[in-house]
Amino acid sequence: MQQYIENNRDRFLNELLDLLRIPSVSADSKFKNDMLKAAEFVRDSIQKAGADKAEIYETAGHPVVYGEKIIDPKLPTVLIYGHYDVQPADPYELWNSPPFEPVIKNERIFARGACDDKGQFYMHIKALETMIATDTLACNVKIMIEGEEEIGSSNLGTFVKEYREMLKCDTILISDTSIIANDVPSIETGLRGLTYVEVEIVGANRDLHSGVYGGGVANPINVLCEMIASLKDENGHITIPGFYEKVGELTTEQRDALNAAPFDLEEYKKDLQINDIQGEAGYSTIERTSVRPTLDVNGIWGGYIGEGAKTVLPSKANAKISMRLVPHQTDDEILELFTKHFESIAPASVKVKVMPHHGGLPYVTPTDSVEYKAAELAMEESFGKKPIPTRGGGSIPIVALFEQELGCKSILMGFGLDIDALHSPNESYGLFNYYKGIETIPLFFKHYAELKQ
Ligand code: BES
Ligand code: MN
Ligand code: MN
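Heads up: the sequence shown at position 255 corresponds to 255 in UniProt numbering, and the numbers run straight through without jumps.
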C-alpha cells in the first residue's frame, strides 16, 4: 500500500492541483459553471479510483457528488463526507500568487481550497484508489462530496432525507478539521454550532446633511455601534437574556483534560502579531475557542466610505453577526433570543430588522466508540504518536443532521494546521499533511473493520 502511494506520489499531487484550478466558489453566482465543473471532476475521479458508482445529483442549489464501492454487504460501511466548494478568494490583492493557480512553495500547496476542503477530501479519493488497486479495502465505502458547505449546506438536509437508504452506513468519516501540529496529532471530538444573522438599522427616510440635521436625528451607524457594544459586558459575557441557559458546563476533569493540550500563548500572539488576547473572563484561550459560545460582528457597513470626506448623516446601517454555539444550544432558539433582544434594545428613533442567514447545531462525539478508536489507532500508527482528543471551534452544520437522519456518529479525522490560513488570503496545505492523510485513511478502514467484527 505504502509502495503504491510512493509510486503515484506525483500524480496524486498533480490531480489535486488540477482540482484547485477550478474556482468553485459557492457563494458567488458568477462561478456557477465552475461549480458544475468541479462536481464533474470529483465524479470522474471517484469513478477512476475504482468505485462501482459515481454520480452527480442535482439539488435546489449546487449539486452533490455521490459514489460507492460495495465489496460485501456483510462488511461495515463507512460514509466519507467532504465539500468541493470553497470560500471566496477576496481580497485578491493580498494573495502572493493567484488563488486559483496553485503553486508549491516551502513544501506547501498555496491555493484557495488547498486545505478547506479540496486537499482534505481528495486524500480520501486517493486512499480509496490505493485500497482498491492494492486489494486491501476492508469496508464498504460510500462517498458524498457536496457543494454548499461554505454557504451553510442548506439543501443537503433535503438530500440526506431523500436518499437516507442510499446513504445508510455504520459511521461517517470526515477530513475537514485540524490537528495541533505535525508532531502532535489530534482528533476533534466536537464542533460548534452557528447562528448567523444580518441586521439593519434605519433612521430618517434619506441621507441627511450632517450639519443641518446632525445632533437632532438618530444616526443609524452610531445607534448600531451602541447596540452591538451592549451585546457584551466588561467580562466578555454575552448579555442576551437566556443566551447561556442551555450551555453545558464542563466538569473540572473535562476542563483539565482540554487545557492539558499543548498550547503556547506567546507563540499564538506572535503568529497573529497581537500584543494581547481577549475573551470571556474565567476561561482559557483553548476553552474560549472551543467549548464556549461567541458573538462576533463579521461585517459592518453604512455611510460614506469613498475617497475624501462627505458630511452625511446616513439613513441606514447594517451588520452581519454570527454566534458560535456549544452543546446544548440550538440555532433556532438562539436566533429567537437574539432577534427579540436586538429589537428590544433599539431606541424609538430608529427601525430595526433582523434577517436570519444559515445556522447549524453543535456536535460532540464520544472517545470510547469503535470509530473513534479506529481513528486513534490509525493516527497512532501513521504519526507514531497517539492523537490527543480536542474540541474544534469551527462548524460543519451537516454533521449534527447526519446524526439525526442517519443515526450515526461522524469522526473528524482532519489533517489541517492553524497556519493553513483557511478562508484567508494565501490558504495553503502542507505536502506532509496531504500524504499523511492518504497514508492514514486506509489504516482507519483496516482498524475499523477489525474492531467492528
Ligand atoms: N472546515 C471548516 C470548519 C472547520 C475548520 C472546523 C477548522 C474545524 C477546524 C468549514 O469549511 C467551515 O468553514 N465551516 C463554516 C461554517 C459554514 C456554515 C459557513 C465555519 O465554521 O465558519
Ligand atoms: Mn471545510
Ligand atoms: Mn470552510
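Glycine included, C-beta positions come from ideal geometry on N, C-alpha and C.
Take residue i and list the residues in its own chain whose beta-carbon comes closer than 7 angstroms to its own, dropping the five residues that flank it on each side.
i, result
"arginine 288", "Gly279 and Glu280"
"asparagine 155", "Thr59, Ala60, Gly61 and Glu148"
In this structure, does DSSP put residue i in helix, strand or coil?
i, result
"residue 534", "No statement about residue 534 is possible, as the shown extent of the chain runs from 1 to 453 and does not include it."
"lysine 53", "strand"
"glycine 437", "helix"
"proline 442", "helix"
"alanine 181", "strand"
"leucine 19", "helix"
"tyrosine 4", "helix"
"leucine 412", "strand"
"isoleucine 187", "strand"
"tyrosine 448", "helix"
"tyrosine 92", "helix"
"serine 428", "strand"
"isoleucine 388", "strand"
Measure the beta-carbon distance from residue i to residue j and round it to whole angstroms, keeping in mind my assumption that it falls under 8 angstroms.
i, j, result
"proline 293", "arginine 255", "Not quite, the Cβ-Cβ distance comes to about 16 angstroms (not below 8 angstroms), so this is no contact."
"alanine 27", "proline 88", "6 angstroms"
"isoleucine 411", "alanine 127", "About 14 angstroms; that fails the 8 angstroms criterion."
"leucine 79", "leucine 167", "6 angstroms"
"asparagine 318", "glutamate 200", "5 angstroms"
"asparagine 140", "threonine 77", "4 angstroms"
"valine 160", "leucine 401", "6 angstroms"
Ordered along the chain, which non-local residues of its own chain (more than five positions away) have a Cβ less than 6 angstroms from that of residue i?
i, result
"lysine 310", "Tyr304"
"valine 42", "Val65, Tyr84 and Ile145"
"residue 454", "Absent from the structure is residue 454, since the part of the chain shown begins at 1 and ends at 453."
"isoleucine 70", "Asn140"
Between residue i and ligand 1, is the CB less than 8 angstroms from at least one heavy atom?
i, result
"leucine 258", "no"
"glycine 303", "no"
"glutamate 146", "no"
"serine 178", "yes"
"histidine 237", "no"
"glutamine 87", "yes"
Please determine whether the Cβ atom of residue i lies at a distance below 8 angstroms from any heavy atom of ligand 3.
i, result
"glycine 394", "yes"
"leucine 191", "no"
"alanine 188", "According to the sequence displayed, residue 188 carries glutamate and not alanine. No, Cβ of glutamate 188 sits at least 8 angstroms from all heavy atoms of ligand 3."
"aspartate 28", "no"
"glutamate 149", "yes"
Mind checking whether the beta-carbon of residue i lies closer than 8 angstroms to any heavy atom of ligand 2?
i, result
"aspartate 331", "no"
"histidine 124", "no"
"leucine 16", "no"
"leucine 422", "yes"
"glutamate 162", "no"
* Asked: Which whole runs of the beta strand (DSSP E) in the stretch 132-174 are 3 residues long or more, in chain order?
  -> 140-146 and 171-174
* Length-filtered (4 minimum) alpha helix (DSSP H) runs lying within the stretch 95-130 -> none
* Whole alpha helix (DSSP H) elements within the UniProt domain "Peptidase M20 dimerisation" (190-347), 4-residue minimum -> 220-229, 252-259, 265-272, 285-288 and 331-344
* **3 or more residues per run - each beta strand (DSSP E) lying fully within the stretch 34-81** => 53-57 and 64-69
* Any chance you could list the beta strand (DSSP E) runs of at least 3 consecutive residues sitting entirely within the stretch 344-377, in chain order? => 351-360
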